Structure formats: structure tokens, C-alpha cells
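Written out below as C-alpha cells is the structure these notes cover.
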Amino acid sequence: MAEGISLLIDTTKCIACRGCQVACKQWNQRAAEKTVNHGNRQNPPDLSFNTWKLVRFSEIPRDVAPLYFFPDQCRHCLTPSCKEMADLRAGNLITIDKKTGAVIFNQKTKLKPEDFEEIREACPYDIPRFNSGSMQMAKCTLCFNRTQEGIPPACVKTCPTGGMQFGNRQEILDKANKRLAEVRRIYKHALLVDPEEVRVIYLLADDPRKYYHLTKAENKPGISRKVALKQFSQPLRMFRALAG
Amino acid sequence: MTNHFIDFRNADVILNMGSNVAVNHPVSFKWIQAAKDKGTIFIHVDPRFNRTSTKADIFTRLRSGTDIAFLGGMIHYILNNNLFDEFYIKNYTNAPFIIDPKYNFNDGLFSGYDSSKRSYDRTAWALIKDPQGIPKRDPSLKDPQSVFQWMKKHFSRYTFEKVSEITGTPIQDLEKVYRAFGSTGRPDRSGTVLYAMGWTQHTVGVQNIRAMSIIQLLLGNMGVAGGGVNALRGESNVQGSTDHALLFHILPGYLPIPRSHLATMEDYNKTTPQSNDPGSVNWWKHRPKYMTSFLKSMYGGKVAQENDFGYGWLPKIDTDQDASWLNLFDEMHKGSFTGFFAWGMNPACSSANSGKVRQALSNLDWMVNVNVFDNETGSFWKGPGMNAQTIKTEVFQLPCAASMEKEGSITNGGRWMQWRHKAADSPGEAKPDGDIIFELFQKIQALYLKEKGEFPDPILNLKWDYQTNGRFDIHKVAKEINGYFLEEVDQHPVDKKAYKKGTLVPSFVYLLDDGRTSSGNWLYSASYTEAGNMAARRKSIDPSGLGLFPEWSWCWPVNRRILYNRASVDLEGNPRDPKRPLIKWDAGKKKWVGDIPDFGAPPMKSSGIYPFIMKPDGVASIFGPGLKDGPFPEHYEPLESPLEKNLLSSQRINPAVKIFGGNLDSFSFNDPRYPYVCTTYRVAEHWQTGVMTRWQSWLIEAEPQMFCDLSVELAAIKGIQSGDRVLVETPRGKVAATAVVTSRFKPFNIAGKTVHQIGVPIHFGWIHPKDGGDSANLLTPGVGDPNTMIPETKAFMANVRRLNKKSGTKS
Numbered sequence: 001m002a003e004g005i006s007l008l009i010d011t012t013k014c015i016a017c018r019g020c021q022v023a024c025k026q027w028n029q030r031a032a033e034k035t036v037n038h039g040n041r042q043n044p045p046d047l048s049f050n051t052w053k054l055v056r057f058s059e060i061p062r063d064v065a066p067l068y069f070f071p072d073q074c075r076h077c078l079t080p081s082c083k084e085m086a087d088l089r090a091g092n093l094i095t096i097d098k099k100t101g102a103v104i105f106n107q108k109t110k111l112k113p114e115d116f117e118e119i120r121e122a123c124p125y126d127i128p129r130f131n132s133g134s135m136q137m138a139k140c141t142l143c144f145n146r147t148q149e150g151i152p153p154a155c156v157k158t159c160p161t162g163g164m165q166f167g168n169r170q171e172i173l174d175k176a177n178k179r180l181a182e183v184r185r186i187y188k189h190a191l192l193v194d195p196e197e198v199r200v201i202y203l204l205a206d207d208p209r210k211y212y213h214l215t216k217a218e219n220k221p222g223i224s225r226k227v228a229l230k231q232f233s234q235p236l237r238m239f240r241a242l243a244g
Numbered sequence: 001m002t003n004h005f006i007d008f009r010n011a012d013v014i015l016n017m018g019s020n021v022a023v024n025h026p027v028s029f030k031w032i033q034a035a036k037d038k039g040t041i042f043i044h045v046d047p048r049f050n051r052t053s054t055k056a057d058i059f060t061r062l063r064s065g066t067d068i069a070f071l072g073g074m075i076h077y078i079l080n081n082n083l084f085d086e087f088y089i090k091n092y093t094n095a096p097f098i099i100d101p102k103y104n105f106n107d108g109l110f111s112g113y114d115s116s117k118r119s120y121d122r123t124a125w126a127l128i129k130d131p132q133g134i135p136k137r138d139p140s141l142k143d144p145q146s147v148f149q150w151m152k153k154h155f156s157r158y159t160f161e162k163v164s165e166i167t168g169t170p171i172q173d174l175e176k177v178y179r180a181f182g183s184t185g186r187p188d189r190s191g192t193v194l195y196a197m198g199w200t201q202h203t204v205g206v207q208n209i210r211a212m213s214i215i216q217l218l219l220g221n222m223g224v225a226g227g228g229v230n231a232l233r234g235e236s237n238v239q240g241s242t243d244h245a246l247l248f249h250i251l252p253g254y255l256p257i258p259r260s261h262l263a264t265m266e267d268y269n270k271t272t273p274q275s276n277d278p279g280s281v282n283w284w285k286h287r288p289k290y291m292t293s294f295l296k297s298m299y300g301g302k303v304a305q306e307n308d309f310g311y312g313w314l315p316k317i318d319t320d321q322d323a324s325w326l327n328l329f330d331e332m333h334k335g336s337f338t339g340f341f342a343w344g345m346n347p348a349c350s351s352a353n354s355g356k357v358r359q360a361l362s363n364l365d366w367m368v369n370v371n372v373f374d375n376e377t378g379s380f381w382k383g384p385g386m387n388a389q390t391i392k393t394e395v396f397q398l399p400c401a402a403s404m405e406k407e408g409s410i411t412n413g414g415r416w417m418q419w420r421h422k423a424a425d426s427p428g429e430a431k432p433d434g435d436i437i438f439e440l441f442q443k444i445q446a447l448y449l450k451e452k453g454e455f456p457d458p459i460l461n462l463k464w465d466y467q468t469n470g471r472f473d474i475h476k477v478a479k480e481i482n483g484y485f486l487e488e489v490d491q492h493p494v495d496k497k498a499y500k501k502g503t504l505v506p507s508f509v510y511l512l513d514d515g516r517t518s519s520g521n522w523l524y525s526a527s528y529t530e531a532g533n534m535a536a537r538r539k540s541i542d543p544s545g546l547g548l549f550p551e552w553s554w555c556w557p558v559n560r561r562i563l564y565n566r567a568s569v570d571l572e573g574n575p576r577d578p579k580r581p582l583i584k585w586d587a588g589k590k591k592w593v594g595d596i597p598d599f600g601a602p603p604m605k606s607s608g609i610y611p612f613i614m615k616p617d618g619v620a621s622i623f624g625p626g627l628k629d630g631p632f633p634e635h636y637e638p639l640e641s642p643l644e645k646n647l648l649s650s651q652r653i654n655p656a657v658k659i660f661g662g663n664l665d666s667f668s669f670n671d672p673r674y675p676y677v678c679t680t681y682r683v684a685e686h687w688q689t690g691v692m693t694r695w696q697s698w699l700i701e702a703e704p705q706m707f708c709d710l711s712v713e714l715a716a717i718k719g720i721q722s723g724d725r726v727l728v729e730t731p732r733g734k735v736a737a738t739a740v741v742t743s744r745f746k747p748f749n750i751a752g753k754t755v756h757q758i759g760v761p762i763h764f765g766w767i768h769p770k771d772g773g774d775s776a777n778l779l780t781p782g783v784g785d786p787n788t789m790i791p792e793t794k795a796f797m798a799n800v801r802r803l804n805k806k807s808g809t810k811s
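First to last, the protein sequences are chains C and R. Counted from 1, the first sequence has number 202 at position 202 by this note's numbering; the numbering is strictly sequential. Counted from 1, the second sequence has number 473 at position 473 by this note's numbering; the numbering is strictly sequential.
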């Protein structure tokens, strides 16, 4: 489904105010986590069952401008490998919202930890998270209950600098390409991250690895080698660890 | 702010120095982004690389407390390279004025210094007037006694080499910043500056701003779109509370507080600013009208000419008394007074040297703490190191409504008075502050009626009629602030028109000194008129295209959106910058178009009227004789600094600062026990001392604990790793923190010596969360700027050492 909506997250405009991180929790009513300062400003330390959007802070000491911000969230792949895996192992846990294209999950579905681990590993961006108490999965829903009505996602709505934009996919792709051309005048290595494969398109000014090691998919999203293998041969699962 | 947040987008160059705008004013960053989108150069100067710096085209570091050296170097550069706006400084500033021959400056001291009093006799800091009382000028700017030549001489010492030695900023970076900002001296280019507590909270705080003001005047950036000197306020209504006289030295609308030697209204009015220069509007000459109208607003029908309009009932402070924060708590500590209202404040964490404040609170008989949540002030007697058994202070906690639980106005940094509606009821017994004050004073009046206290007149005669149907009515207060005609005015002296008794005055122009008008604050007159509540307007039309939005809310004074805007035009009234025409004289219609002009007289060529109407001389002050510590800014070291000597003169610190005695106010400099420069700052996730935000789980999750930023280099010396617990110590206190080892701080090279700097945030306190840590202000010194007594919390000396290794912190 190539229509639906998209987001552009322009990290050249991100000031890491974390308004998006808090707005996400507020709209989706996710509980706060008990955190400590662990010597880095990024908190909570990682995405979790209750944290679906997280501004990642990365320091590259040798750079003149040593600080990189990455407001991480589910990319909402056009062909989501998490769904492919879930279809195999957890029934209708993950579906695609027809109107928006958002990759959403069934909040009522209980699943086994090992099944969840498979789903998580299928995601090239390491997004899905699990509550081992309630046996449920959670992640960003692209605020589909807002976006279905044409209202921007909570994170987009709150961004003070206009660093996030929401719209029809083609419109966002056009904006992304236009902005990339502008940004490249200053940042020669600027790029859009996997724009053809995902709905949440990041614009980065520099080497993706400087932001976070999973900024960009190592393998293209879509049906991964791993998923394809599983479809052919369920019993081979036990060798998965060896296959890496 | 002389301009507004939205005006940032009009600038060609933005200098952010002494503030961290992305973190502390993130919403305003949209206008910086808008400016960047059209090619504006964004400069950030700060001791540390932070979230703002990531968006800067030019970033450079300076050692905390050396801003005047940095800016003095820029003044020197602008003068040396002829980058200044010659038309502007000749016509609109006192650059051509002649300084008294007795004025002098030598080795860090201005003439008239008395070291025993740590103060100056300022009589020689004067501008010479001719026999008619008009300031003498040399339009060629060549007279060696001219302000221009003295300025040149004064700042000639601020060479690249000297500035770099003091600040630690590399010379090539200084040059980059100076060249970029200096490019705005052309009339068709404008530059703006955004600052905050990073400039004010120093023993040279006022002079930091003065230095930048001189730069903005030299470059012709005052009174223009995309220009100005813009203070980013530390709280959303700081502007409003200051306008309404939060501080001790003023009454509402910046009327000076009456002092004990000014016993009568006549004495007071004799101090009204005067000018003999026909070109100077000297707007403050109207002050008696504002004072009379203020008194009528206070006491209503109880006062008239016959009883001096109740002037005798106003409280007066002693002639030389400074009743500002640090002095107040010093007196409290000495036991000089017995009761205290801590209203919407948390001095046990927010005050410099807050350990002393916590001690002082225990010397009270009673304290009333009005706040949304309990805080370290209300519960000081339960705090660390306190023995409740020995503390006699009785504390009353009054819960109040939060901002969205009440109706009223706030005035933002850009002087927009914006009306806010109530969104929700407050919980439990919490009430809006207005209701609390209203009811409180009703009780006080009733008690005075019953018990006849000492000097009851000001209490019993205070007009206190702000209720409707028995409830406090905020609209009545807003109207009182605007002011009324109290009697029929058949022929008003201003426009010869008739005005009915009981109607709201259209603006302060209509206020009278004979008791026929009232106004609680002349500056806000025109905000709530017969046409309605101007602050509640929400029309988003912008005919100028410059973001003035004249019908969105209301802006003081008289809805003028950019102050001193007559300085944006030439002598004929044409915009000097055709790209950004702020106002323009329409010769045909004989009126100004655009923003509300800063005085309606025709252009200077025909009327002779100068543009800076609030200044007695009608022009802006490059030479500023009104301050306590010098008419020109001069670099001095902070009270606590890593240097034994000031590299620029024999005066190590600002010669005019007041130093408190006593153990609790001890300090150090060039002391191996406290070898590191330390500064304080905020994070986006918390607000002030965290009284409101530390209880918000989504915010405390993002910034859970007190931390200390330190450089990779210093961490290596001290054997500290990120996540280790460390202790930060000064002569006044100790605070535990989590170490954040970062390349965002770098050691400075100060005249060949390696100087390390560290920093701590101000938001934490022992009350909540329990593992959050305590206030950074236990560390900061209680020493203030001689003009404002604002404390020097941005530059002091500290030690940092490891407590224990990082613990397992997996969540």
C-alpha cells in the first residue's frame, strides 16, 4: 500500500527538547518509568513497553559539533517484517490500518515471550517491546486514532521547530526531497533514511551511525532473509541461533 | 525585550549569548529556525556546547564571567574596522556629546572612587551642557572629550590577544563572531541578540547588557525589525510581574519607589526627569500624572489634592536602602523581621547561597507558603541538617491554583499582555492567587477596624472593591490597571473632547495629575478600554508582514510592537532599511504608517524630535552615567575566579560590589581547594526549582537526578567516569550529583594556564524525588551586581571529587 500517510522527521531541526517524547506518553497514556541519571542525558535509556518514542542522544567526542539527536520510533514499514513474523507466530497481532497505512498491534493479544522475541528480531530497527507481566506487545501506532481523522500524531503536533511534518505519503516524500536538497547545501552527506520502504522518513545531516546504530536498516525492510527462511521451513527454527 | 520572539525571523544575524534558547525557550526556537531557513547566521557563544549549539552556524566557548571582555573586543573591532552606522550614532545616540573634563578612567577605576565605601562619587560622570541646559555636541565625533573618542580609548585595550587570554576563546573564533555580527552595521542589515540569566547573574550583570547595548547602538540595530536587545525571561510572566512592581525599587509602571527624604508629593515630583532640549520629548516629564492616577487607584475617593492624594500613606524606604533579595535574606538571617510570605517561590532552592536562606527561615516567627505543591521552603524545618525541635517558625501552607486553573493575563517577554481563560477547576481547597490576596486583605482591613492597629490610614483607606456578587473579579482588577475617568471631563486638555465619569481611559495620554483619573499602572493604560479587553484579542492579521500582528493580544506601551521604532527611519521619516519598513512618514496624510510610532510628531528633520523619548536627552546612551559601577562597561573577574589578578587592570573584581561578611558568605579565588570554574543552568524538562515539574512523572523520568557536567579531560585527571556519583563543593556547601563526562565542556587556556569548567542544573531539591538530589544553589555565592543585586550564580569556584563508582543502573 503506497498511499496512506507519512511523517518526515527532519533531525536538522531537532533541538532535543523531548516534547515529542512526553506528548507521546500523554496521548497514549503510557506510564512513566523509574529512571536514574546514568551519565547520559538520554532517558528512559531505551524504548520500552511504555516508551514508544525516545529522543536518543549521541556524543561523538571528536566532532566539532559533538551532539546528535535522534527521535526514535517505529518506522511503519510499507512491508513490515514484524507483521510477517507475527502472522506466522501470533495470529492477527499486527495489522496494517487501511486508511493510514500505520502498522498497528492488537492490545488484547497475549503472546509467548519466545514468539515476541522472534517478532522483535524481525524488525530491522529493533522497535517492538514486551511486557512480560501481561504478555503483551507495544510500540508506536502512528497515532492512527488521530491520523485517521486527519489530525497530526501527538509528537508532530507538539514539535516547536517544525522538525516533524505529517501528510499524505507523496506529499511528504516531495517535501523530504525538497528539504534534502536544501540541507545538502550545508551538510554534504545529508540523506533520507530508507524513504522507499518506510512511512516515517528521517532526514539526517550526517553519517547515520553517528546518531544511533540502528538508524538505518542493515538489510532492507520487507521480508527478511530470516522470515523467508521460516516460511519455508518452520522446523529449522532451532538452528536459527547458528545461522545468526 | 525591545522586540518580540517572532521578530527573530527578521534578523540577518542572531547572536545567542548568555542563554541556551533551544533548551529554555524551545517554542521560540521556531522563529530562529524560520530565520535559518532564509539564510540567517545563528551564532551561539557559551561556556559549553549544548542543544542550542547544535543548530549554530558559529559556536564558540568562553569562560563563565568574561562576557564584557568578549563584547568589549567586539566594540573595539567594530570601531577599528569602521563597521559602525555613522548616521545612527551621530543622530540617535550620545556619541557626539561632550564628557565633563573631570571624568577619568585609570587602571580599572573610574573617577570618584571611594574604596572605604566601595562606591563611586558619580558627579564627574556627566555630559556637559551649554548655558541653555542643552547637551553640547561635536557632530564630527573628533573632540577628544566626546563620548565617541572616550569609548574608542576605553575599548582600545580590548585587543584580540587580551580578550582571548581572558575569555579562553581562540582568536580566530573571536574574529569569526565579530565579523559576522559586525556585518549588521549597514542600514539594510539587522542583527539581534538573545540573552538570559547567563548575562544577568554576574557581579557585572548590568554592564554585560550595557556592553551589548553599545554594540547594538553602534550598529544601528536598536528600534529596527530584526534587531534589539532581547532578554529571554526565566518565567512566562517575569515581564508582567516586573511591570507591576514585583521589585522593591519601583511602583507599578516603573515609577520610582518613594524614599524617606521625599516626604511630600511635591518633593517626589521635584525628582521628575527634566530636559531643556526642545528636541527631547522626555516622556517621563508626565510622571506626576501617572503618580496621581496611581494614588487615586489605590485610595479612590479617600484622597484628593488636600491630603496630597494619600502620598503620605505610601510606604517609603530609606534614601540609600537596597531592599533586594540578598539584603532581604541577610536581614532575615540577622533576625530583623518576624514574618514572611513565600508566594509562588522556593527560596530554599532558588536563592543563591540557599543554605543561608534555609538558616534564615528558622529565625522567623511565622511563614506563609503559597504554592501549588509543598516545597523545600514550606518544609525547610524537615530538611537535611535541620533540627525541627529547635525551630520556632510556624508555617502555614496555602494551596493555590495552577496557571490553567484561573483566568487572567500574563505578559510575555515580548511585552504582549495575553488574556488566558480558565481551563479547569483547581483541586480541593486550592484558590487562584487573586482570590487569596483579596480575601486576605479583607481580613486585615476587618482586623484593623476592630483593633485599630498602628498607622491604620493606608490599610483602612485602601480601595478594595474588586468583587462581583461576593466573588473576586479579575476583570475589575484589569480595568483598574487600565484606569478610569473618575469625574466628568468636559474638555480634555489633550483632545478637547468630553469624557464621561466612570468610563475607562483610552490610554495613558489621557491621565491627569489633578485627581480626575485613576490608573493602577500607566504603562498598561489602553489595555482594557471601552472597546473591550484588548489582551483577549485574537485576530491574526499582519499588514506589515513583519510579524507585528497588531490585533493579537495587546502590547505595552500603547500597542507598540517594537520599541524605539523612530530610530528605524531617516531624518525625513523614510525607512533606512527598505526591506523591513517598520514605520514610514506619509507626508501627504501627515501621519506615520506601520507600527505605532514611538511618538507621533513628524520626522526629525521637520520637528527636531529625537527618537529615544524615554531618555532625558532624547538619544540612546553609549555613555551611561546612571549606573553605580561606571559609565562604560569594564571587565572584572567574578568574585570567585581562577585568577589571582585581573589581566586587564589592578582591580580584580567589580569595585562597587557589596560583600557580605560572616561565615555563611565565605568565598574563594585562585584557591587550590576550589580549582574549577562552575556555573549553573537549566534543562528543558524542568521549570525553575522543579516545584511543579519534579512531580510530573513524564518529566522526572526524562531528567531524574542532579548531575554535574565535566569535560573528558578533567574526568581523566579526577578518575571520574560517566555515571559515577560525585560531590561538588564550594566554601558554602556540598551537593552530590551523577557525573556526566562530556566533550561538550573543554578546558580553557587562560593566559597560558589550563582552566577547567564544570556545570550543574538548578532544578533539584531534597523533597521530591527522594533520590533526586539537592539544590545547586547550596553552592552559589550570595554576592550581587551593584546596580540590581542579582546574584552571581553563573560564575563561581568549586571542587568536584568522586564519591563512588557507577552502580548497576539497568531499568
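Note that the Cβ used here is the ideal one computed from N, Cα and C, for glycine as well. A quick note: this is a predicted structure, and the numbers were derived from the prediction, not measured.
Please tell me whether residue i and residue j are closer than 8 Å, where the distance is taken between their beta carbons.
| i | j | result |
| --- | --- | --- |
| residue 383 of chain R | residue 695 of chain R | no |
| residue 795 of chain R | residue 154 of chain R | no |
| residue 720 of chain R | residue 726 of chain R | yes |
| residue 524 of chain R | residue 482 of chain R | yes |
| residue 780 of chain R | residue 208 of chain R | no |
| residue 112 of chain C | residue 128 of chain C | no |
| residue 625 of chain R | residue 631 of chain R | yes |
| residue 146 of chain C | residue 4 of chain C | no |
| residue 294 of chain R | residue 252 of chain R | yes |
| residue 13 of chain R | residue 52 of chain R | no |
Throw me the rounded Cβ distance for the residue i and residue j pair, which I believe falls under 8 Å.
| i | j | result |
| --- | --- | --- |
| residue 787 of chain R | residue 627 of chain R | 5 Å |
| residue 744 of chain R | residue 63 of chain R | Not confirmed; about 15 Å, so no contact. |
| residue 426 of chain R | residue 417 of chain R | Contact flag wrong, Cβ pair sits at about 23 Å. |
| residue 162 of chain R | residue 643 of chain R | About 13 Å separates the two Cβ atoms, so there is no contact after all. |
Step through the CB atoms of chain C and report whether any lies within less than 8 Å of the CB of residue i.
| i | result |
| --- | --- |
| residue 27 of chain R | yes |
| residue 704 of chain R | yes |
Using a beta-carbon distance below 8 Å, is residue i in contact with chain R?
| i | result |
| --- | --- |
| residue 38 of chain C | yes |
| residue 154 of chain C | no |
| residue 131 of chain C | no |
| residue 5 of chain C | no |
| residue 243 of chain C | Unreliable placement is indicated for residue 243 of chain C, whose pLDDT of 38 sits below 50; no coordinate value is reported for it. |
Next item on the list: Identify every run of the alpha helix (DSSP H) within the region 134–171 of chain R, keeping only runs that are complete inside it and at least 4 residues long; order them along the chain.
Entry: The region 134–171 of chain R contains these whole alpha helix (DSSP H) runs: 147–155 and 160–167.
Next item on the list: Scan the region 229–312 of chain R and note each continuous alpha helix (DSSP H) run of 4 residues or more that stays entirely inside, going in chain order.
Entry: For the region 229–312 of chain R, whole alpha helix (DSSP H) runs of length 4 or above, ordered along the chain, are 238–243, 265–270 and 287–299.
Margin query: My parser needs the beta strand (DSSP E) runs of 3 or more residues fully inside the region 315–365 of chain R; what are they?
Written below: Complete beta strand (DSSP E) runs here, min 3: 339–343.
Margin query: Between the region 246–261 of chain R and the region 318–329 of chain R, can you find at least three pairs of beta-carbon atoms closer than 8 Å?
Written below: Touching, yes, given that three or more Cβ pairs across the two stretches are closer than 8 Å.
Next item on the list: Mind the definition here: the region 109–119 of chain R touches the region 641–655 of chain R only if three or more C-beta pairs lie below 8 Å; say whether that holds.
Entry: Cβ pair count under 8 Å is three or more, so yes.
Notebook entry, point to check: Are three or more beta carbon pairs between the region 470–486 of chain R and the region 426–444 of chain R nearer than 8 Å?
Noted result: Contact between the region 470–486 of chain R and the region 426–444 of chain R is present, because at least three Cβ pairs lie under 8 Å.
Margin query: For the region 564–580 of chain R against the region 521–540 of chain R, do three or more pairs of beta-carbon atoms, one drawn from each stretch, fall closer than 8 Å, so that the two count as touching?
Written below: Touching, no.
Notebook entry, point to check: Are the region 606–625 of chain R and the region 87–96 of chain R touching by the rule of at least three beta carbon pairs closer than 8 Å?
Noted result: Output reads yes: the region 87–96 of chain R touches the region 606–625 of chain R.
Next item on the list: Answer yes if the region 748–756 of chain R comes into contact with the region 679–693 of chain R, meaning at least three C-beta pairs across the two stretches below 8 Å, and no otherwise.
Entry: Because the criterion of three Cβ pairs below 8 Å is not met, the region 679–693 of chain R and the region 748–756 of chain R do not touch.
Next item on the list: Could I get the ranges of all uninterrupted beta strand (DSSP E) runs contained in the region 69–147 of chain C, with 3 residues as the minimum, in chain order?
Entry: The DSSP assignment places 94–96, 103–105, 129–131 and 136–138 as complete runs of the beta strand (DSSP E) inside the region 69–147 of chain C, in order along the chain (cut-off: 3 residues).
Next item on the list: Report the residue ranges of all alpha helix (DSSP H) runs contained in full by the region 684–731 of chain R; include only those spanning at least 4 residues, in chain order.
Entry: As summarised for the region 684–731 of chain R, the continuous alpha helix (DSSP H) elements at least 4 residues long and confined to that stretch are 697–702 and 712–718, given in chain order.
Note to self: Threshold first: 3 residues or longer. Then list the beta strand (DSSP E) segments lying entirely within the region 387–444 of chain R, N to C.
What the structure shows: Entirely contained in the region 387–444 of chain R, the beta strand (DSSP E) runs reaching 3 residues are, in chain order, 394–399, 408–411 and 416–420.
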